[in-house]
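A.B. asks: Residue numbers (our numbering): 207 to 482. Would you mind keeping the following structure in view while I ask a few things?
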Amino acid sequence: MTPDQHTALYAVVGRPVRHSLSPAVHNAAFSAAGINAVYLAFEPPDMGACIQAVQTLGIKGISITMPFKTAVIPYLSHVDPLAERAAAVNTIVNEGGKLIGCNTDGNGALKALEEKTDLAGRRVILVGAGGAARAIGFSLKDKGAVLSVVNRSHEKGEGLARVLGCRFIPLNRMDAITGDILIQTTPVGMGPHIDLCPVSPEILKPGMVVMDLVYRPVETRLLRMARERGCIAVSGLRMLIYQAAEQFRLWTGVDPPVSLMERAGKEALERQHDDL
Ligand code: NAP
């Protein structure tokens, strides 16, 4: 659809954001659904300037990425319960000037995991204690999963374990724990450092479900090791697409074309790889 005077504007904001797959994924979805909208990427200096632009230009929806997921909260009219508990907003819906903050990371992760496993009663090892881990942790707790938080820094790890009501294990002592599901939420293993993996292979047991939030590359070292040891691997790209699909539904009220969004994400990743 050619942009015109009626075209609605959506965007992802973060710093850096030029590598984001979200423009490819959301523009493909708008186009397939016949919605007159475009989705761009911006790197504002701070959230105050960004929110002013959203209000002035009437931008209809925003994806928020690092480092603004927490900093945006004071500027919003309302924050949904998961985003409030996680202290992280990854989506803004502009309802006629009222800015609603939401978090779709938790549900995106659950949907990707639920394709492979039930969650109630399952022992989940959550590696990392940042914004993504918080959203996923609260979503899993609501599903009845039994969590353990593993993190490099004790302060952050213990803090998340406390609010989730679960145990904390320092990253360098994680070998001793067992679980049914492992979720890797740190940036370790992301390109160009693709040979790194924060998880020791010993804890990967056959049948375990292993999800890595890193999706660049899609097959991380952790996921490769997991497959080699008979685990069920879940890629971060799957979660990314499901969280984007929920954003699309929040913004438009339309069923998201999930397969097409995933294809657009994969093609954008391949193009970026070719550009290197
Ligand atoms: P964040 O708030 O900055 O948290 C980062 C976490 O990773 C912290 O717990 C930090 O531990 C840990 N960490 C960082 N570097 C580490 C290292 N070298 N060794 C061990 N631990 C390390 O980040 P976030 O927003 O949660 O995002 C985390 C990752 O998830 C990013 O790569 C992001 O791109 C990805 N993500 C993916 C999706 C998806 O849809 N696939 C969605 C959201 C986020 P300390 O406390 O010790 O610093």
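Cβ atoms here follow ideal geometry from the backbone N, Cα and C, with glycine treated the same way.
Under the DSSP definition of a beta bridge, which residues are partnered with Ala-255?
C.D. replies: Paired residue(s): none; Ala-255 is not in a bridge.
A.B. asks: Do you know how far the Cα of Glu-434 is from the Cα of Ser-406?
C.D. replies: 13 Å
A.B. asks: Can you check which of these residues, Gly-302, Ala-470, Pro-398 and Ala-214, is closest to Leu-446 by C-alpha distance?
C.D. replies: Ala-470
A.B. asks: Can you tell me the Cα-Cα spacing of Ile-270 and Ser-354, whole angstroms?
C.D. replies: 27 Å
A.B. asks: So who's on the other strand from Val-333, going by DSSP bridges?
C.D. replies: Val-356 and Gln-390
A.B. asks: Could you check which residue in Met-467, Gly-336, Leu-346 and Gly-267 has the C-alpha nearest to that of Arg-329?
C.D. replies: Leu-346
A.B. asks: Roughly how many angstroms lie between the CA atoms of Arg-358 and Arg-340, to the nearest whole one?
C.D. replies: Rounded to the nearest angstrom, the two C-alpha atoms are 15 Å apart.
A.B. asks: Under the DSSP definition of a beta bridge, which residues are partnered with Glu-364?
C.D. replies: Beta-bridge pairing links Glu-364 to no other residue.
A.B. asks: In this structure, does DSSP put Asp-418 in helix, strand or coil?
C.D. replies: strand
A.B. asks: Give the secondary structure of His-232 by DSSP, where H, G and I count as helix, E and B as strand, and everything else as coil.
C.D. replies: helix
A.B. asks: Compute every distance between the C-beta of Arg-329 and the non-hydrogen atoms of the ligand NAP, then say whether any falls below 6 Å.
C.D. replies: no
A.B. asks: Pairs of beta-carbons, one from the region 455 to 475 and one from the region 234 to 244, closer than 8 Å: are there three or more?
C.D. replies: In the pairwise beta carbon analysis, the region 455 to 475 is classified as touching the region 234 to 244: at least three pairs are separated by under 8 Å.
A.B. asks: Spell out the partners DSSP gives Val-299 in its beta bridges.
C.D. replies: Gly-267 and Ile-306
A.B. asks: Which same chain residues, not among the five before or five after Lys-317, have their C-beta less than 7 Å away from its C-beta?
C.D. replies: Tyr-448
A.B. asks: Using a Cβ-Cβ cutoff of less than 7 Å, which residues in the same chain neighbour Thr-213 once the five nearest sequence positions on both sides are dropped?
C.D. replies: Asn-242, Ala-243 and Val-244
A.B. asks: Determine the contact status of Ala-238 and Val-218, defining contact as a CB-CB distance below 7 Å.
C.D. replies: no
A.B. asks: Would Ser-283 pass as a contact of Lys-266 if the rule is Cβ separation under 7 Å?
C.D. replies: no
A.B. asks: Quick one: grab the DSSP three-state call for Arg-373.
C.D. replies: strand
A.B. asks: For the 8 Å Cβ check, are there 3 or more pairs between the region 421 to 440 and the region 383 to 402?
C.D. replies: yes
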